[in-house]
Structures are given as C-alpha cells and as structure tokens.
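Single-structure report; data block below.
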Amino acid sequence: MNYIVVGASAGLGRALADKLAESGNNLLIVASNEEDLQAQSADLRIRHSVRIEHKAMRVRCDENSVKSIVEAAAKLGEVDGIFFPMGYSRNDDDGTLKSEDITRIIDSNLAGIVAITAAFLPRMLEKGEGLLVFFGSVAAERGRSSNIAYAAAKRGLQSFYESIRHRSSSTNIRVQYYQLGYLKTAQTFGKKLPFPAAEPEQAAAYIISGIAKNFGQKYFPWFWQYICLALRMTPWFVFKKLKF
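Numbering (the numbering used here), first residue to last: 1168 to 1411.
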C-alpha cells in the first residue's frame, strides 16, 4: 500500500510512519523540517526496506502547497490512504492572537487538511475505495478560555470528517476520526496533567490495527469518552468556574 502521513516527523506522526513502514507500506512523509525528514526517510528505508518519499513544507491552504504534495505523492503511484496526525497550538491562544498566528493555527489544524483531502478525494471516489484518518483533540469537546483558536479549528475538523464520511458512504472509502487525549510529546513534556498521557507508539499501534475497519469515530485513550461526556453534561454555572 502507498500512504501519505502529514505531520510525520514527531510524536504520533513519527510513530505512525514507523508502524506503517514496518508493515511493508510505501510512504510519503510530510513535515516542515528538511533535515529531520531526510534522516527519518533514510532510517525507514534501511530498517524496513520500503520506498519512502518526503516533502518538507509547512502545510497551508493554498494551491502551491497542495500541488507540491500531489506531485510528491505521484512518485509513489496510486495513493491508498492519508493520515493527518498534524497540528499546531500555542500556550497564549486565549482569544487575543494576531491574525498571522490565527491563520497558522487554522491552516495546520483544519484548512490545510481540507485542501489536501479535496485534492485526493476525487480519485478515491472514482476507485470507490481509500482511507482517510483524521485526528481531533479532547480540547475541542467544549470551548474554554485556553486553546481558543485551536479548539475551534479541531471542532471544525470534526464536522469536516462527518461530512466526508457521509459523502463517501456509498463507497468503500474508510473515513476515521480519532479524538485524542494526552500523548507523551514535546507539547506535554514537563506539564502537570490531570490525566495520564499515552505513548505515541501505543496510539500508533492502536490506529494501525483499525485501518481496515469502518467505525467512524473513536477516543484514544478510551477513557476520554467518559471524561468528555461528563464535560458536555456539566451545567454552565459549574463549567464557567472550572480552570483547566
């Protein structure tokens, strides 16, 4: 199989790329740092004897960005699926960010993903099969005073996933959405978290085990579905007093 992993050089994306290559799949890995991607590509080729292409770029919702990914993917041949373990957040995302910072958050968490999907979806619809895997965040379950633009973008991504799944429902295209809790990444390192963080490798193995299934949405780790349910049911007069 030939897969694209957008956001492949760190955390969950890196773990997914490794697991996919280990299973014998060819990959196009996309991330922003050329040196990191070169080293990662060489490592995957040597350890797993698969074809690895890479594209160093910051994903944006513009024609040139999408075109460059399409051209890089063409070197692999027919694309069987795309994973989007990408995202960007800021600690000062409190509703007062400058427009360029907001644009980057929206591009990285929503608009860029929508644009890339739009470029590859027609061929998947023509074939009647494919795989699209999107990743949300429990931070978007209910709006709060931090991660404001980030959560808005992730909630938009969830709506986009639902629409694409509905659009593809008469085909064998599998459209999956993972609502992710805390993972052990650079973003969570050193932070005091209210719930335990999972290893990216553990998440990647779980995701790979389900790529043949048409289940729709899941939470990872699983216990977040109950935490998020409790948050959604919390009355406003209580929720507005919570600081997290």
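For every residue, glycine included, the Cβ atom is placed at its ideal position computed from N, Cα and C.
Rounded Cβ spacing between Asn1276 and Tyr1328 (contact assumed at less than 8 Å): In fact, because the Cβ distance is near 13 Å, the residues do not count as touching under 8 Å.
With DSSP run on the structure shown, which of helix, strand or coil describes Phe1327? When DSSP states are grouped into helix, strand and coil, Phe1327 belongs to the helix group.
Helix, strand or coil at Ala1379 [DSSP, three-state]: Here Ala1379 sits in coil by DSSP.
Assuming Ala1278 is part of the beta strand (DSSP E), what are its boundary residues? For Ala1278, there is no enclosing beta strand (DSSP E), as DSSP marks it with neither H nor E.
Going by the CB atoms, is the gap between Ile1196 and Gln1207 shorter than 8 Å? If you check the CB distance, Gln1207 and Ile1196 come in under 8 Å.
Thinking C-alpha only, which one of Lys1408, Asp1229, Gln1325, Gln1392 is nearest Phe1251? Checking every option, the nearest Cα to that of Phe1251 belongs to Gln1325.
Does the ligand GDP have a heavy atom nearer than 7 Å to the CB of Glu1366? The ligand GDP is not part of the structure shown, which contains no ligands of any sort.
In angstroms with no decimal places, state the Cα-to-Cα distance between Tyr1345 and Gly1248. Approximately 16 Å, taken between the alpha carbons.
Below 8 Å on the Cβ atoms is my guess for Ile1315 versus Asp1260; work out the distance and round it to an integer in Å. That belief holds up - the Cβ atoms of Ile1315 and Asp1260 are roughly 5 Å apart, short of 8 Å.
Kindly confirm or deny that the region 1223–1237 and the region 1277–1291 touch, where touching means at least three C-beta pairs closer than 8 Å. Contact between the region 1223–1237 and the region 1277–1291 is present, with at least three C-beta pairs closer than 8 Å.
Of the choices Arg1257, Glu1202, Gln1343, Arg1309, whose alpha-carbon is the least far from that of Thr1401? With distances taken between Cα atoms, Thr1401 lies closest to Arg1309.
Quick check on Ser1235: does DSSP put it in helix, strand or coil? Reduced to three states, the DSSP call for Ser1235 is helix.
When we look at the beta-carbon of Tyr1386 and count the other beta-carbons within 10 Å, is it buried (16 or more) or exposed? Classification for Tyr1386: buried.
Contact between the region 1393–1408 and the region 1210–1225 (3+ Cβ pairs under 8 Å): Contact fails: fewer than three Cβ-Cβ distances are below 8 Å.
Would you list the one or two residues that DSSP bridges to Lys1385? Partner(s): Tyr1345.
Between the C-alpha atoms of Gly1262 and Ile1340, what's the straight-line distance to the nearest angstrom? CA-to-CA, the gap between Gly1262 and Ile1340 works out to about 37 Å.
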